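Data first, discussion second: the structure below is written as structure tokens.
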Amino acid sequence: MKVKVFTMVSVVLALFIGAVLSESIIGDEQVLQANPSSSSNPGNPGKPEHTDNPIDPGNAEVTSFIGEYQEPILKDFFTFIRSKTRWVRDGELQLKPNEGYFNKQDIEGFGPVTDNYNEVEPGGTVYYYLPELPQNHKIKLELSEHSHKREVISVLEEKWFDEAGRIEVNVPNEYGKLLVFKMELYDEKQQKKDILMIPYYTSFKSVNASLAINKSEYKQDETLSLYLENWGPNHISHGEGYGLQRQEGNQWVPPSEEEFKAIFNAIALQTSPYETYVQHINLEKLRPGTYRIIKPFSTVTSEGMISLSRTFTILP
Numbered sequence: 001m002k003v004k005v006f007t008m009v010s011v012v013l014a015l016f017i018g019a020v021l022s023e024s025i026i027g028d029e030q031v032l033q034a035n036p037s038s039s040s041n042p043g044n045p046g047k048p049e050h051t052d053n054p055i056d057p058g059n060a061e062v063t064s065f066i067g068e069y070q071e072p073i074l075k076d077f078f079t080f081i082r083s084k085t086r087w088v089r090d091g092e093l094q095l096k097p098n099e100g101y102f103n104k105q106d107i108e109g110f111g112p113v114t115d116n117y118n119e120v121e122p123g124g125t126v127y128y129y130l131p132e133l134p135q136n137h138k139i140k141l142e143l144s145e146h147s148h149k150r151e152v153i154s155v156l157e158e159k160w161f162d163e164a165g166r167i168e169v170n171v172p173n174e175y176g177k178l179l180v181f182k183m184e185l186y187d188e189k190q191q192k193k194d195i196l197m198i199p200y201y202t203s204f205k206s207v208n209a210s211l212a213i214n215k216s217e218y219k220q221d222e223t224l225s226l227y228l229e230n231w232g233p234n235h236i237s238h239g240e241g242y243g244l245q246r247q248e249g250n251q252w253v254p255p256s257e258e259e260f261k262a263i264f265n266a267i268a269l270q271t272s273p274y275e276t277y278v279q280h281i282n283l284e285k286l287r288p289g290t291y292r293i294i295k296p297f298s299t300v301t302s303e304g305m306i307s308l309s310r311t312f313t314i315l316p
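Residues 1 to 316 in UniProt numbering are what the sequence shown lists, from first letter to last.
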């Protein structure tokens, strides 16, 4: 599980980044998985409700998932680019792991990278700050677009720098572009001395996630485990907050504060593509009945907060 607490670096990085109902194992717990073809909640499973209060949607229908699981193209692309950097440094340049300019410099801005996937908003800026350049050396900066098969489509921008400072490029104002930010260090004889390649992607337009719980029935002294699954490819942003409602006739109403009073830490969290955020919730004081738990989140391309929910029963 890779869940990030937002720092200034991760905020910039994100720029706000089964076919049938089945059972699977996460850790040692059984998890009820969301099913793209059969939601446990009524309504359109592809369009969860946007509500004024994402943790108390009233009687609005709230589904357990949105979109569908995405093929891990980011995993393949990011692994390939990072491996290619090592191949060039080890093979062509004959650099040892602790050698080279980019290995020694404290590169600020988007680095050090704190996430496996570097997401940037369409039309945004990718930048680095190089504190010092060796004498008579230059940096060649290249931004290129790549296909899902990792082939270079085109070089979008190329710049040369002969002094330290901020180096940056603007990325295309388009969704779902796979990009490589490449810096090469050259000496006074125009010989390549080092290389750094950083993969990026512009946020995709689609939102894909699901909400699961570890089972559908609980005793009053048990703990519910909630799983917010990021189906990719964007990062999802959320907090510790969630909503809880009990079914009374045709209405969904929050339990009284005597029964249930949730206290949340006011922190912003980020769950990486293809990862799962896990939260444990004590049900001790809730009386028997049917409930639903609501978890809100957002992505850089979502229109406000999105709420997903799962229904469960507390047994007498």
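A virtual CB, placed ideally from N, CA and C, is assigned to each residue, including glycine.
From a predicted model like this one, the values you see are computed outputs, not experimental measurements.
Touch test, the region 84–100 against the region 214–234, Cβ-Cβ under 8 angstroms, three pairs minimum: No, they do not touch.
- prompt: Since M305 sits in a beta bridge, which residues does DSSP pair it with?
  reply: Secondary-structure assignment with DSSP links M305 through no beta bridge to anything.
Whether P199 touches G123 by CB criterion (9 angstroms): Taking 9 angstroms as the Cβ cut-off, P199 and G123 do not qualify as a contacting pair.
message: I'd like to check one pair, G67 with A209: are the Cβ atoms closer than 9 angstroms?
response: For the pair A209 and G67, the CB atoms are nearer than the 9 angstroms cut-off.
- prompt: Going by the CB atoms, is the gap between N230 and T276 shorter than 9 angstroms?
  reply: N230 is positioned such that its CB atom lies closer than 9 angstroms to that of T276.
query: Based on Cα-Cα distance, which residue from R166, G289, R292 and P57 lies nearest to Y129?
result: Looking at the Cα atoms, R166 is the closest of the given residues.
query: Between the Cα of I195 and the Cα atoms of R246, F204, K205 and E184, which residue gives the shortest distance?
result: The shortest C-alpha separation from I195 is found at E184.
Close Cβ partners of F260 (< 7 angstroms) along its chain, the five nearest in sequence each way excluded: Around F260: L244, K285 and L286.
Coil, strand or helix - W160 by DSSP: Here DSSP, grouped into helix, strand and coil, assigns W160 to strand.
- request: Using alpha carbons as the reference points, say which of F161, F181, E71 and A164 lies closest to K149.
  value: When only C-alpha atoms are compared, the closest one is E71.
field: Boundaries of the alpha helix (DSSP H) in which R86 is found, first to last residue
entry: It spans I73 to W87 - the alpha helix (DSSP H) in which R86 sits, taken as one unbroken run.
query: Which class does N103 belong to by DSSP, given the choice of helix, strand or coil?
result: Under the three-state reduction of DSSP output, N103 falls in the helix class.
message: Check this for me: beta carbons of V180 and H146, under 9 angstroms apart or not?
response: Annotated as proximal: V180 and H146, with beta-carbon spacing under 9 angstroms.
message: Please tell me whether E168 and V126 are closer than 9 angstroms, where the distance is taken between their beta carbons.
response: Closer than 9 angstroms, so yes.
message: Looking only at its chain, what residues have a beta carbon closer than 7 angstroms to the beta carbon of G239, apart from the 5 residues adjacent to it on each side?
response: Excluding positions up to five away in sequence, the list reads F264, I267, A268 and L269.
For K193, the first and last residue of its enclosing beta strand (DSSP E): From DSSP, the beta strand (DSSP E) with K193 extends over K192 to T202.
- prompt: So what's G91 in DSSP terms, helix, strand or just coil?
  reply: G91 falls in the helix class under three-state DSSP.
From Q135, K138, E132 and L178, residue whose alpha carbon lies closest to that of S154: Measuring from the Cα of S154, the nearest candidate turns out to be L178.
task: Using three-state DSSP, classify F297 as helix, strand or coil.
output: DSSP places F297 in strand when its eight states are reduced to three.
task: Taking S309 and V62 to be in contact with their CB atoms under 8 angstroms, please state how far apart those CB atoms are, rounded to whole angstroms.
output: The C-beta distance from S309 to V62 rounds to 4 angstroms, short enough to meet the 8 angstroms contact threshold.
message: With the cut-off set at 9 angstroms, would you say S144 and G176 are in Cβ contact?
response: Going by C-beta atoms, S144 is not nearer than 9 angstroms to G176.
field: Own chain residues within Cβ distance below 7 angstroms of G100, not counting five before or after
entry: Hits under 7 angstroms: R89 and D194.
query: Starting from W231 and walking both ways along the beta strand (DSSP E), at which residues does that stretch end?
result: Judged by DSSP secondary structure, W231 falls outside any beta strand (DSSP E); it is assigned neither H nor E.
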